[in-house]
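So for the sequence shown, full-length UniProt numbering puts the first residue at 1; every next one is plus one.
In this text, a Cβ means the ideal position worked out from N, Cα and C, and glycines have one as well.
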Amino acid sequence: MKKAIISRLLHSQSPPFLKPKSLFAARNGRFLSTGSEKVDGSSKLEEAERVEFTPPKEKLLVLGGNGFVGSHICIEALAHGLDVSSLSRSGKSSLHDPWANDIVWHQGDLLSPDSLGNAMNGVTSVISCVGGFGSNSYMYDINGTANINAIRAASEQGVKRFVYISAADFGLVNYLLKGYYAGKRSTETELLDKFLHGGVILRPGFIHGTRRVGSLHLPLSIIGAPLEMVLRHAKLLTHLPLIGPLLIPPVNVTSVAKVAVRAAVDPAFPSGVVDVYD
């Protein structure tokens, strides 16, 4: 059901974001209707899709806007005419692309909650792409504590929606990167607690696209795109012992960006976890 709803939202031909107030609240994959689901014989979602609606100006804060996924999210949000800001320790972008000039860059440290207030002021939605690798303690801090601080600050500031870019479960890999996954799952728990009706967790697998590393441009799609094409139709293989989780299909960074932005500003987008197949 969730997959069908998300697909219809993303492929609707109406303006980029739809009118209805939240029709469903989802937690752990279960949906709860907020009222009568029928309007003159049609579902509320079907009625909503027929309504052309231009929403008020949304103010989006992207945490990690300098990064691979974050930069694509910023570009996608700007394309929809949103007011976009980002927060980093340096307070300015390391990117030199023209679109970066249209972003308001804030200085702050997610591990120091007191520095987040200014960046959250007036924000209607937040997307966090913050994460990293290192020692287990570092990975827990950057994937867990930093994002948990952001979620709490957003909740206190009255932010309406919060989208978190998490990660798919890869079985044995989870145990090899305990701090990484422990941090992400702690963040997910906090998000579903603080944003029950406006929190969305995306769990992509390997994200491919052209990734910039200094002056280099790494074409990750050379490997990622063919694997995505094959593995997205082989979901049953992921249930194989040990190796199954490693067969979760990659996903293009543009797809992640489109879903993240839609989830951040569309009140009809279901709350809860969205996996790579959705």
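On the three-state DSSP scale, how would you describe residue i?
i      : result
His72  : helix
Leu23  : Any reading at Leu23 must be qualified, since the residue scores a pLDDT of 32, below 50, and its modelled position is unreliable; the value itself is stated next. Coil at Leu23, not helix or strand.
Arg232 : coil
Tyr175 : helix
Ile248 : coil
Asp114 : helix
Are the CB atoms of residue j and residue i within a distance shorter than 8 Å?
i      : j      : result
Ser155 : Arg203 : no
Gly183 : Met139 : yes
Ala150 : Ser128 : yes
Val200 : Ala257 : no
Asp83  : Leu111 : no
Arg161 : Ser115 : no
Val130 : Gln157 : no
His208 : Pro250 : yes
His80  : Val274 : no
Asp102 : Leu63  : no
Val69  : Val276 : no
For residue i, count neighbouring Cβ atoms within 10 angstroms of its own Cβ and tell me buried if that reaches 16, exposed if not.
i      : result
Ala26  : Caution is warranted here: a pLDDT of 38 is assigned to Ala26, below 50, making its placement in the model unreliable, and the coordinate value is therefore given only provisionally. Per the 10 Å Cβ criterion, buried.
Asn118 : exposed
Phe133 : exposed
Ile223 : exposed
Leu196 : exposed
Val104 : exposed
Tyr175 : exposed
Ser36  : Because the pLDDT at Ser36 is just 41, under 50, the model does not fix this residue reliably, and the value given afterwards should be weighed accordingly. By the neighbour-count rule (16 or more Cβ atoms within 10 Å), Ser36 is not buried but exposed.
Ser85  : buried
Ala153 : buried
Ser71  : buried
Leu191 : buried
Leu172 : exposed
Thr187 : buried
Gly272 : buried
Let's see if you can read the secondary structure: which residues bound the alpha helix (DSSP H) around residue i?
i      : result
Leu192 : Lys178 to Lys194
Ser137 : Asn136 to Tyr140
Gly117 : Gly117 to Met120
Val261 : Val253 to Val265
May I ask which residues mark the beginning and end of the beta strand (DSSP E) holding residue i?
i      : result
Ser85  : Asp83 to Ser88
Ile151 : Not the beta strand (DSSP E): Ile151 falls in the alpha helix (DSSP H), residues Ala146 to Glu156.
Trp99  : Looking at the DSSP string, Trp99 is not in any beta strand (DSSP E), and its letter there is neither H nor E.
Phe206 : Run containing Phe206: none; DSSP gives neither H nor E here.
Asp275 : Gly272 to Asp275
Phe162 : Arg161 to Ile165
Leu123 : According to the sequence provided, residue 123 is Val. The question's Leu does not apply to it. Where Val123 is concerned, there is no enclosing beta strand (DSSP E), given that its DSSP letter is neither H nor E.
Lys92  : Counting along the chain, Lys92 falls outside any beta strand (DSSP E), and DSSP gives it neither H nor E.
Val62  : Lys59 to Leu63
Hey, is the stretch 251–270 in contact with the stretch 84–96, meaning 3+ C-beta pairs nearer than 8 Å? no
Subject >> Stretch pair the stretch 94–104 + the stretch 132–148: three plus CB contacts closer than 8 Å >> reply: no
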